[in-house]
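Asker:
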Amino acid sequence: MGCSLCKGAAGRRDKRSSQSSTGAVLSSIVNHLSHHDKPKYNVRETKKARYDRDACGVKTLNQYVYQKKLGVGSFGKVSLYLNNENNQLYAVKSMKKKILMKRRFGVHNGRTHWDDVMREISIMKRLDHPNVIKVFEIINDPNDTKIHIVMEYAENGPLFKGEDTDSYVRSIDDDTMKNYFAQMVKGLQYVHSRGVIHRDIKPENILASNGVIKIADFGVSYQLCNRSIDFNSDHNNGDEDSEQLKKSVGSPAFLPPELCATDHDHITGPPIDIWALGITLFFLYFGRIPFTGDTEAILYDNVRTQDLTFPAPADELLEDLLKKLLQKNPDLRITLDSVAQHPWDKVEREMEEERDIEERKDCLRPIMERLHRRLIYFR
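So for the sequence shown, full-length UniProt numbering puts the first residue at 1; every next one is plus one.
1. Given K68, which residues of its chain have a CB within under 8 Å of its CB, disregarding the five upstream and five downstream residues?
2. Using the three-state DSSP reduction, which class does T112 fall into: helix, strand or coil?
3. Taking K48 as the reference, which of P271, P142, H129 has the closest Cα?
4. Determine the burial state of G219: buried for a count of at least 16 other Cβ atoms within 10 Å of its Cβ, exposed for fewer.
5. What's the C-alpha gap between M177 and A261?
6. Please report whether the beta-carbon of E369 lies at a distance below 8 Å from any beta-carbon of chain B.
7. With distances taken between CB atoms, is the gap from M184 to L332 smaller than 8 Å?
8. Between L82 and V65, is the Cβ-Cβ spacing less than 8 Å?
9. For V135 and I213, I'd like the C-alpha separation in whole angstroms.
10. Can you grab the Cα-Cα spacing for the pair I197 / R373, in whole Å?
11. Return the residue from the list I147, D217, L100 that minimises the CA-CA distance to P158.
12. If you check the beta carbons only, do S209 and E155 fall under 8 Å apart?
13. By Cβ distance below 6 Å, which residues in the same chain neighbour S4 in space, the five residues on each side in sequence not counted?
14. Per DSSP, G76 forms a beta bridge with which residues?
15. Taking buried to mean at least 16 other C-beta atoms within 10 Å of its own C-beta, is E348 buried or exposed?
16. Are the beta-carbon atoms belonging to R50 and N42 less than 8 Å from one another?
17. Does DSSP put Y222 in a helix, in a strand, or in coil?
18. Quick check: what's the CA-CA separation for R53 versus P311?
19. Apart from the five residues just before and just after H129, which ones in its own chain have a Cβ nearer than 7 Å to its Cβ?
20. How close, in whole Å, do the beta carbons of L308 and L281 come, if the pair is a contact with beta carbons under 8 Å?
21. According to DSSP, simplified to helix, strand and coil, what is Q306?
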């Protein structure tokens with residue numbers, strides 16, 4: 001338990017304690033209280049990719065030893081690698097540059113998938129939260145045909161692994177689901193606080209690792225140019241941020257009504273993710289999507305016009321929360337701050353908060369002990 005900053009503070013041996021100032025220790029406490037809110041690690045940029053095989057004939061990429069394939073995508077694959085330097089497992093996304101460099105026209109205005117990958121990397125570098133997947137290293141050799149993104153590995157994988165939503169079988173009990181949801185909210189609150197709109201929240205992009213939820217896949221996310229933008233203002237429609245958010249990216253079944261309309265007159269940032277969070281919770285609980293359609297056009301029409309119904313009886317508090325998450329008017333849709341106070345998952349949320357408090361106490365204890373020793377010395 002505890003964070004690297006505090007471990008470092010506890011581990012240093014101060015041989016010149018008589019010369020150290022108490023103010024410096026107080027300063028370290030102040031720094032600690034805020035350091036959880038900003039990235040505290042540097043993403044390694046590696047310009048050389050070395051491919052080889054170890055003594056057992058297993059493929060290696062620099063210091064990483066191949067373990068197994070985790071998944072395959074349109075532009076490459078994700079593999080599990082063991083880092084020989086620290087004996088830790090990492091998920092490595094390897095993509096072919098040639099495919100990424102192909103230009104796309106129409107609504108994409110000639111942008112390439114390479115542009116999207118660079119944006120994804122830029123966004124992930126800004127994020128550092130227990131409930132968000134971290135990126136640790138970018139391996140981009142100018143002489144290599146691939147680019148590799150080394151990320152945190154969530155060993156339990158996504159909450160939903162299937163291609164067909166009809167194949168989902170609920171395996172999460174109510175208490176665990178409440179705990180998972182509370183963590184999703186915390187992670188998404190942090191993402192929004194960094195000026196990022198995810199735009200593709202869905203069960204496949206929510207990973208689990210030993211009970212810890214991780215929001216993943218920022219491939220279609222958008223970093224707002226103006227982090228202080230008023231998301232609920234009627235006066236954003238002409239700026240770059242609003243124009244970017246008007247694009248219907250993400251998974252169709254998780255798009256909000258405002259993005260299913262033919263004319264996106266009033267687009268706001270966080271409500272897009274909040275709607276998708278509601279669809280995700282609905283799916284994880286009931287095992288189905290609330291709005292469906294045989295074609296994308298019918299699906300979009302149903303999202304905009306159909307009333308929300310529940311396929312089976314549920315807790316009244318859960319139904320209340322889902323109705324607020326899936327409010328069709330984005331101006332009336334519940335905010336994440338209000339979601340974080342909703343009574344449905346209150347008990348699990350309070351338990352999670354208690355764990356956070358205990359962790360912070362563990363982190364602060366070594367610093368407070370140092371301060372106590374200094375105060376005794378200066379008496």
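Just so you know, even glycine gets a beta-carbon here, dropped at the ideal spot from N, CA and C.
Only a predicted model underlies this, so the values are computations on that prediction, with no experimental measurement involved.
Answerer: This is what the structure holds:
1. Numbered from its first residue, the sequence shown carries residue 68 at position 68. Hits under 8 Å: S79, L80.
2. Here residue 112 corresponds to residue number 112 of the sequence shown, with the count starting at 1. Three-state result, T112: strand.
3. On the sequence shown, position 48 is the one that residue 48 refers to. Of the candidates P271, P142, H129, the one whose C-alpha sits nearest the C-alpha of K48 is P142.
4. Position 219 of the sequence shown, counting from 1, holds the residue named residue 219. With 16 or more Cβ atoms within 10 Å of its Cβ, G219 is classed as buried.
5. Walking along the sequence shown from the start, residue 177 turns up at place 177. Walking along the sequence shown from the start, residue 261 turns up at place 261. For M177 and A261, the distance between alpha carbons rounds to 32 Å.
6. In the structure shown, chain B does not exist; there is a single protein chain.
7. For the purposes of this step, residue 184 is identified with residue 184 of the sequence shown, where counting begins at 1. For the purposes of this step, residue 332 is identified with residue 332 of the sequence shown, where counting begins at 1. Not closer than 8 Å, so no.
8. For this step, residue 82 is matched to residue 82 along the sequence shown. For this step, residue 65 is matched to residue 65 along the sequence shown. Contact: yes.
9. Within the sequence shown, the letter at position 135 stands for residue 135. Within the sequence shown, the letter at position 213 stands for residue 213. Distance between the alpha carbons of V135 and I213: 16 Å.
10. Residue mapping note: residue 197 aligns to position 197 of the sequence shown, counting from 1. Residue mapping note: residue 373 aligns to position 373 of the sequence shown, counting from 1. Taking the straight line from one Cα to the other gives about 46 Å.
11. To locate residue 158, count along the sequence shown from 1; it is residue 158. With distances taken between Cα atoms, P158 lies closest to D217.
12. In the sequence shown, residue 209 corresponds to position 209, counting from 1. In the sequence shown, residue 155 corresponds to position 155, counting from 1. In this structure, E155 lies closer than 8 Å to S209 by Cβ.
13. Your numbering for residue 4 matches position 4 in the sequence shown. Since pLDDT at S4 reaches only 40, below the 50 mark, its modelled position is unreliable, and the value read off the structure follows with that caveat. Nothing listed; no residue qualifies.
14. The residue you call residue 76 lines up with position 76 of the sequence shown. BP columns for G76 point to M95.
15. Mapped onto the sequence shown, residue 348 falls at position 348. Classification for E348: buried.
16. Residue mapping note: residue 50 aligns to position 50 of the sequence shown, counting from 1. Residue mapping note: residue 42 aligns to position 42 of the sequence shown, counting from 1. Not closer than 8 Å, so no.
17. Taking the first residue of the sequence shown as 1, we reach residue 222 at position 222. Y222: strand per DSSP, three-state reduction.
18. Here the question's residue 53 lines up with position 53 in the sequence shown. Here the question's residue 311 lines up with position 311 in the sequence shown. Their Cα atoms are separated by approximately 53 Å.
19. For the purposes of this step, residue 129 is taken as the residue at position 129 of the sequence shown. G187, Y190.
20. Looking up residue 308 in the sequence shown gives position 308. Looking up residue 281 in the sequence shown gives position 281. No, L308 and L281 are not in contact; Cβ-Cβ is about 12 Å, not under 8 Å.
21. Locating residue 306 in the sequence shown gives position 306, where the first residue counts as 1. Reduced to three states, the DSSP call for Q306 is coil.
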